[in-house]
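Residue numbers (my numbering), protein chains in the order written: chain Z, 1 to 260; chain W, 1001 to 1213; chain F, 2001 to 2213.
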Amino acid sequence: MVDVATPVYEGPFDLLLQLILKEQVDIYEVNLSTIVDAYLIEIERMQSEKNLDLDVITGFLLIAATLVDLKARRLLPNQSDMDLDEELALWEERDLLLARLLEAKTFKDVAGVFSQLAEDADLSFPRAVGADERFADVMPDLLEGTSVKSLQRAAIRALTPRPVPVVDLFHVNPIKITVADAVAELLDELPRAGRISFRRLTADLGDRIEVIVRFLALLELFKQGAIDLEQPERFGDIEVVWSPGDDVDTDSILIDAYDG
Amino acid sequence: MTDEFIDETERAARVSEYKRAIEAIALVSHDPVPHELLAQLLEQPTALVEQWCDELAGVYRQENHGFRLVRVAGGIRYQTADDLTPYVERFLLHDQRARLSGAALETLAIVAYKQPISRAQVAAIRGVDPDGVLRTLQARGYIDEVGRDDGPGQAILFGTTDSFLEKLGLESVDDLPAIAEFIPGPDVVEALEHGLRVTPEIDVTTAGPHQDD
Amino acid sequence: MTDEFIDETERAARVSEYKRAIEAIALVSHDPVPHELLAQLLEQPTALVEQWCDELAGVYRQENHGFRLVRVAGGIRYQTADDLTPYVERFLLHDQRARLSGAALETLAIVAYKQPISRAQVAAIRGVDPDGVLRTLQARGYIDEVGRDDGPGQAILFGTTDSFLEKLGLESVDDLPAIAEFIPGPDVVEALEHGLRVTPEIDVTTAGPHQDD
């Protein structure tokens, strides 16, 4: 089975599920950029297929934001004196995410059962021969109820090349905004700025997704020890300070970010 | 000979003829034959017809024939015995019955249990754009449009087809295992809760290897 | 237990399996199955295969089943028992669900969209021997021979009939809806089947237990 040798993930839910259940890592250890990138890829794809569904996209964004929130809560200082409402809200979002992951996991397990059922059913071949020529006179018109559309579908079905199991060669189209790109931008911008507020840093970004991506990139840099984050007041603007430690090689940060 | 005996013999002869008729009809049908249709054609109660079908299936099994009479998609049909797959495949040259991918199976599972369901609802559950997979499943004939949503968008609603039942060898969607059986157990819930926990267990500054208990 | 006895039991078990395989193959075949083909598939002498077929037919007769195994056109096939004709006719007349099987519809679709087309070309596309289905479609008047290939084999070429067009309410085959735009290349097929895939990336700098390989 190719999929075992080369694990691939079908979208953000699947990725998150696998990371937590299989790899036994928690949200603090997960490189969030991967998951958020997965969401962005999906949204991008829906946009490109003109399938934009606001409800779905809002749902995706909410989950991405929840993840960011959860991780931020762990990374940022002052987590001990959290506002109670704020904390409750976070728990609520967390529960919602948990519910969705459980639902996704449920259907994943059902899919396994379906696979087994289909495999068992495939062992047996049905007779679909019909009556022999002795009954030609009374045979009903077999095209009765066959529409042009169903004929078209049958043609598509028959003429579509059969998928051959191969190692995953499918690469999604590059998306415009990735966390890695944002890290690269910040590595260019922050040394020059020295100290800058998050609000200013994201002032020229029109899209909420881009802001989220920037924020994730900052968390990445913070984790790598390249910057400090200061938040003097609760809900206040975050100050970003360029302060790479002696052992931090900014070039390798960039590489790490691109590698994930 | 008593009257009773005659009646008994005659009844047995009739039942035998009905069973033979069921065999003949199942043999010439392209699709699974519903018990109700058989009952109508034989002018006999459906419950009896069902019983006869089951008895026929039992006899084939007992006599170890190469074919079986199975209940599928709301009816009965003849199928080859499972262990003879290699012979039949060899005869049919190479059967290209398409295997469904994991993504297709998951989407199919969602549609099966949540039907009628819209594309957006599937997307919300799977967390990925399901368009390509839905199109594949529809082209294969496993799902189809079954209506429109009442809402403002009048979204297309999908449901499973008889072909889906045949693909999985099920008699009806009621035969699907109860979804409750698949709700992840406490261990999974706990693992997920742990993974998504709000309060860190480890100090941020010493985020070394993760210790699990 | 003597060696002879073991051999005898084993031989009986093998013969039983061969007979069951014959039943299974005859069950799914659209055409009479030649004894020679069966012999080839089972890797057994034709004379023996013929004998087994006759024995099977005898058992069905003896047990008074609603079907028979008959010799026709140099092969064997399942047929309904003659006395059950009224039931079968009644079924065929009443079966509102009678439609082409998925495989037959696909074959018809291929002929409709790719005509004129030879049997071999259809076989290449469907991946299975289309002979039986083509004959059924021809017998029903949906397709017919429309010419001969220029090539050395002078293969028969099939096309759809006027009756086919009438039944679908089409004026000419040019009115068939386009399909080219719906048929993805082989590279896209795999992707469609799997939906979007994302390669996982785990941050190795902090994720302790995860070992990258």
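The C-beta atom is built at its ideal place from N, Cα and C for all residues, glycine as well.
Looking at the structure shown, is Q224 of chain Z part of a helix, part of a strand, or coil, going by DSSP?
Here residue 224 of chain Z corresponds to residue number 224 of the first sequence, with the count starting at 1. Here Q224 of chain Z sits in coil by DSSP.
Euclidean distance between Cα positions of L21 of chain Z and I35 of chain Z
Position 21 of the first sequence, counted from the first residue, corresponds to residue 21 of chain Z. Position 35 of the first sequence, counted from the first residue, corresponds to residue 35 of chain Z. L21 of chain Z and I35 of chain Z: Cα-Cα distance of roughly 15 Å.
I want to know whether the region 1023-1042 of chain W touches the region 1071-1078 of chain W - three or more CB-CB distances under 8 Å.
yes
For V1049 of chain W, which residues of its own chain have a beta-carbon under 6 Å away from its beta-carbon, when the five flanking residues on both sides are left out?
Within the second sequence, numbered from 1, the residue matching residue 1049 of chain W stands at position 49. Here the set comprises H1035, L1038 and A1039.
Return the first residue and the last residue of the alpha helix (DSSP H) that S2029 of chain F is part of.
What you label residue 2029 of chain F is simply residue 29 of the third sequence in a count that begins at 1. S2029 of chain F -> no alpha helix (DSSP H), and no H or E assigned at all.
Burial state of G245 of chain Z, where buried means 16 or more other Cβ atoms lie within 10 Å:
Stepping through the first sequence from its first residue, residue 245 of chain Z is reached at position 245. Exposed, since its Cβ has fewer than 16 Cβ neighbours within 10 Å.
Taking the Cβ atom as the reference point for each residue, do G1127 of chain W and R100 of chain Z lie within a distance shorter than 9 Å?
Translated into the one-based positions of the second sequence, residue 1127 of chain W becomes position 127. Translated into the one-based positions of the first sequence, residue 100 of chain Z becomes position 100. Yes, the pair counts as a contact, with Cβ atoms nearer than the cut-off.
The alpha helix (DSSP H) enclosing L21 of chain Z, as first and last residue numbers:
One-based indexing of the first sequence puts residue 21 of chain Z at position 21. Segment: none, L21 of chain Z is in no alpha helix (DSSP H) and carries neither H nor E.
Residues of chain F with CB under 7 Å from Y1142 of chain W, in chain order?
As a first step, residue 1142 of chain W must be located in the second sequence, where it is residue number 142. Result: empty, since nearest Cβ-Cβ is about 11 Å, beyond 7 Å.
Going along chain Z in order, which residues have a C-beta closer than 7 Å to the C-beta of F1182 of chain W?
In the second sequence, the residue the question calls residue 1182 of chain W occupies position 182. Within chain Z, the residues near F1182 of chain W are T106, D109 and V110.
Checking 9 Å against the spacing of the C-beta atoms, do A131 of chain Z and T2080 of chain F come in under that value?
Position 131 of the first sequence, counted from the start, is the residue given in the question as residue 131 of chain Z. Position 80 of the third sequence, counted from the start, is the residue given in the question as residue 2080 of chain F. Yes.
Just list the residues that DSSP pairs L216 of chain Z with in beta bridges.
Numbered from 1 along the first sequence, position 216 holds the residue referred to as residue 216 of chain Z. Note: L216 of chain Z sits in no beta bridge, so no partner.
Can you tell which of F:Q2138, F:L2069, F:A2098 and F:G2132 has its C-alpha closest to the C-alpha of P140 of chain Z?
One-based indexing of the first sequence puts residue 140 of chain Z at position 140. For the residues F:Q2138, F:L2069, F:A2098 and F:G2132, the minimum Cα distance to P140 of chain Z belongs to F:A2098.
Considering only their Cβ atoms, is the gap separating F1158 of chain W from L954 of chain W smaller than 9 Å?
A question about residue 954 of chain W goes unanswered here, because the residues of chain W that appear run from 1001 up to 1213.
Less than 7 Å between C-beta atoms, sequence neighbours within five positions excluded: which residues of the same chain meet that for D1007 of chain W?
As a working mapping, residue 1007 of chain W is identified with position 7 in the second sequence. Nothing listed; no residue qualifies.
What's the C-alpha gap between A1047 of chain W and P2086 of chain F?
In the second sequence, residue 1047 of chain W corresponds to position 47, counting from 1. In the third sequence, residue 2086 of chain F corresponds to position 86, counting from 1. Answer to the nearest angstrom: the Cα atoms are 23 Å apart.
Which class does R1014 of chain W belong to by DSSP, given the choice of helix, strand or coil?
Taking the first residue of the second sequence as 1, we reach residue 1014 of chain W at position 14. Here R1014 of chain W sits in helix by DSSP.
Spatial distance of E1171 of chain W from R1071 of chain W (CA atoms)
Residue numbering aside, residue 1171 of chain W sits at position 171 when the second sequence is read from its first letter. Residue numbering aside, residue 1071 of chain W sits at position 71 when the second sequence is read from its first letter. About 6 Å.
Here's the rule: buried if 16 or more other CB atoms are within 10 angstroms of the residue's CB, otherwise exposed. What is W91 of chain Z?
As a first step, residue 91 of chain Z is located in the first sequence; it is residue number 91 there, counting from the start. Classification for W91 of chain Z: exposed.
Mind listing the chain Z neighbours of V2028 of chain F? Cutoff is C-beta to C-beta under 9 Å, in chain order.
The residue given as residue 2028 of chain F occupies position 28 in the third sequence. F125, P126, R127, A128 and V129, listed in chain order.
Could you say if the region 107-117 of chain Z and the region 1171-1183 of chain W meet the contact criterion of at least three C-beta pairs nearer than 8 Å?
yes
One question on the structure: do Y2113 of chain F and A180 of chain Z come within less than 9 Å of each other, judged by their Cβ atoms?
Your numbering for residue 2113 of chain F matches position 113 in the third sequence. Your numbering for residue 180 of chain Z matches position 180 in the first sequence. No, these two residues do not count as a Cβ contact at 9 Å.
With a threshold of 9 Å between beta-carbons, can D249 of chain Z be considered close to chain F, or not?
For this step, residue 249 of chain Z is matched to residue 249 along the first sequence. No - not a single Cβ of chain F is within 9 Å of the one on D249 of chain Z.
Shortest alpha-carbon distance to S197 of chain Z belongs to which of Z:F135, Z:V248 and Z:W242?
Within the first sequence, residue 197 of chain Z is the residue found at index 197, counting from 1. Here the closest residue by C-alpha is Z:W242.
For L2056 of chain F, tell me which candidate among W:G1058, W:V1015 and W:E1063 has the shortest Cα-Cα distance.
Against the third sequence, residue 2056 of chain F aligns to sequence position 56. Out of W:G1058, W:V1015 and W:E1063, W:E1063 has the C-alpha closest to the C-alpha of L2056 of chain F.
Run of the alpha helix (DSSP H) containing L1157 of chain W, from where it starts to where it stops
Taking the first residue of the second sequence as position 1, residue 1157 of chain W is located at position 157. It is not in any alpha helix (DSSP H) - L1157 of chain W instead sits in the beta strand (DSSP E) that spans I1156 to T1160.
Reduced DSSP secondary structure (H/G/I, E/B, other) of G1151 of chain W
Stepping through the second sequence from its first residue, residue 1151 of chain W is reached at position 151. Coil at G1151 of chain W, not helix or strand.
Could you tell me which of W:R1011, W:I1022, W:D1054 and W:F1067 sits nearest to L123 of chain Z, measuring between CA atoms?
Start at 1 with the first residue of the first sequence, and residue 123 of chain Z comes out as number 123. Of the candidates W:R1011, W:I1022, W:D1054 and W:F1067, the one whose C-alpha sits nearest the C-alpha of L123 of chain Z is W:F1067.
Step through the CB atoms of chain W and report whether any lies within less than 9 Å of the CB of L219 of chain Z.
Indexing the first sequence from 1 puts residue 219 of chain Z at position 219. Chain W contact via Cβ: absent.
Using only CA atoms, which one of F:S2118, F:V2015, F:V2033 and F:L2069 lies nearest to G2147 of chain F?
Translated into the one-based positions of the third sequence, residue 2147 of chain F becomes position 147. Checked all of F:S2118, F:V2015, F:V2033 and F:L2069; the closest Cα to G2147 of chain F is F:S2118.
The alpha helix (DSSP H) with F114 of chain Z in it runs from where to where?
By one-based count along the first sequence, residue 114 of chain Z stands at place 114. First-last of the alpha helix (DSSP H) with F114 of chain Z: L84 to D122.
What are the boundary residues of the beta strand (DSSP E) that T1080 of chain W is part of?
Reading the second sequence from its first residue, position 80 is the one you call residue 1080 of chain W. Looking at the DSSP string, the run of the beta strand (DSSP E) that includes T1080 of chain W is G1075 to T1080.
I1110 of chain W - containing alpha helix (DSSP H), residue span
Here the question's residue 1110 of chain W lines up with position 110 in the second sequence. First-last of the alpha helix (DSSP H) with I1110 of chain W: G1102 to K1114.
Proximal residues of chain Z, C-beta to C-beta of V1189 of chain W below 9 Å
Against the second sequence, residue 1189 of chain W aligns to sequence position 189. Result: L98 and L102.
Check each candidate in F:A2012, F:R2061, F:G2132 and F:A2109 and name the one with the smallest Cα separation from L1092 of chain W.
For the purposes of this step, residue 1092 of chain W is taken as the residue at position 92 of the second sequence. Nearest option by C-alpha distance: F:G2132.
Straight-line Cα distance separating A2104 of chain F from D2083 of chain F:
Taking the third sequence and counting its residues from 1, one reaches residue 2083 of chain F at position 83. Taking the third sequence and counting its residues from 1, one reaches residue 2104 of chain F at position 104. Going from the Cα of D2083 of chain F to the Cα of A2104 of chain F covers about 29 Å.
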